[in-house]
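Numbering (the numbering used here), first residue to last: 1 to 349.
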């Protein structure tokens, strides 16, 4: 959870007006799918009745597989996938899913009312995994972008588009929820651990980056200061993750009146302060008066974002956004989340 032990940490327990329970279950299931895209297909096929096909009969999923191979030719879908950063991986992802033994078994017994949505989620999850492993960085897309692509895929496969987005309801979901314990154990395989490592390493700065900054941060702060001097006032410093630490340090150590607003996104600066590890400010010391207004954006699903209002009373405004993505993808999803841009549009001078 964002925040560790500060009075402001309670604000990270939820989002105003956000539905509880079902939405969290949806995000958790996507977290499992990013690790194992075939998860739903495997467990649904394992619980399906195994019936021998009559001679000459076509497997129920054969038409779905044929339709899936032409998905990449749909221009609207391609636009959605490109916006999500997974367009280049999608065709290979579809081929990988369709040729996997688990998917072939699923297609032999697939139920028409759920197969399209299950396949759509598998395709998107596999494309996300491939994008992460290829580029070494998690695609910055939020749940809205993801669901937009899933909805289009379901429609193209002839399913009900409303079945592909939002929380996963129905008999498939209930079966999977009953198997949650088994799923968690099954994900402890070497393959799942490897995939989890790839996603985690790609989604946030390595510990070595933070240590490097703490030992040699002066050059980074000077780079930020040079950018401030080159900008036309009033200046807004907008910084993500480790960048938020460097920007806050700079503003504490140096008075820069041209900076009107500091916006940190998914930042660990409050956490380092509580640890006594923030270079510019000893724990227990207040923010200097010359530090400008500070807007701190966090996502409670981002375990690398921290709230600050409780430790700097009256000096920090914590604002929650919800990417509807599990960690660690939630740490990169801010930049495709419309909530962030609406917030910035209202705050920028």
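Every residue gets a Cβ at the ideal spot worked out from N, C-alpha and C, and that includes glycine.
{"query": "Run of the alpha helix (DSSP H) containing residue 344, from where it starts to where it stops", "result": "338-347"}
{"query": "The region 112-125 touching the region 299-313, judged by at least three CB pairs closer than 8 Å", "result": "no"}
{"query": "Which of helix, strand or coil DSSP assigns to residue 100", "result": "coil"}
{"query": "Rounded straight-line distance, which links the Cα of residue 117 to that of residue 244", "result": "39 Å"}
{"query": "Span of the alpha helix (DSSP H), counted from its first residue to its last, around residue 147", "result": "143-156"}
{"query": "Unbroken beta strand (DSSP E) run spanning residue 260, endpoints", "result": "259-265"}
{"query": "Between the CA atoms of residue 101 and residue 95 - distance to the nearest angstrom", "result": "12 Å"}
{"query": "Spatial neighbours of residue 316 in its chain, beta-carbon cut-off 6 Å, leaving aside the 5 residues before and after", "result": "294, 296, 308, 309"}
{"query": "Spatial distance of residue 329 from residue 282 (CA atoms)", "result": "32 Å"}
{"query": "Same chain only: Cβ atoms within 7 Å of residue 87, ignoring 5 sequence neighbours per side", "result": "78, 81"}
{"query": "Residue 333, DSSP secondary structure in three states", "result": "helix"}
{"query": "Cβ neighbour criterion (16 or more within 10 Å) applied to residue 286", "result": "exposed"}
{"query": "CB contact flag (residue 237, residue 262, <8 Å)", "result": "yes"}
{"query": "Straight-line gap, residue 249 to residue 279 (C-alpha atoms, nearest Å)", "result": "7 Å"}
{"query": "Residue 64 and residue 110 closer than 8 Å at C-beta", "result": "yes"}
{"query": "Environment of residue 336 [buried if 16+ CB atoms lie within 10 Å]", "result": "buried"}
{"query": "Neighbourhood of residue 340 by C-beta distance below 8 Å, restricted to the same chain and skipping five residues each side", "result": "265, 297, 321, 334"}
{"query": "Three-state secondary structure assigned by DSSP to residue 317", "result": "strand"}
{"query": "Contacting residues, own chain, Cβ-Cβ under 8 Å from residue 183 (five flanking each side not counted)", "result": "Residue placement at residue 183 is poorly supported in this model, since its pLDDT is 48, which falls under 50; the coordinates are not used for a value here."}
{"query": "Cross-strand partners of residue 239 (DSSP beta bridge)", "result": "264"}
{"query": "Presumed contact (8 Å Cβ cut-off) between residue 292 and residue 251, rounded CB distance", "result": "7 Å"}
{"query": "Sequence-distant residues of its chain with Cβ nearer than 8 Å to residue 74 (five each side left out)", "result": "152, 156"}
{"query": "Beta-carbon spacing of residue 146, residue 84 below 8 Å", "result": "yes"}
{"query": "Under 8 Å between C-beta atoms of residue 258 and residue 233", "result": "yes"}
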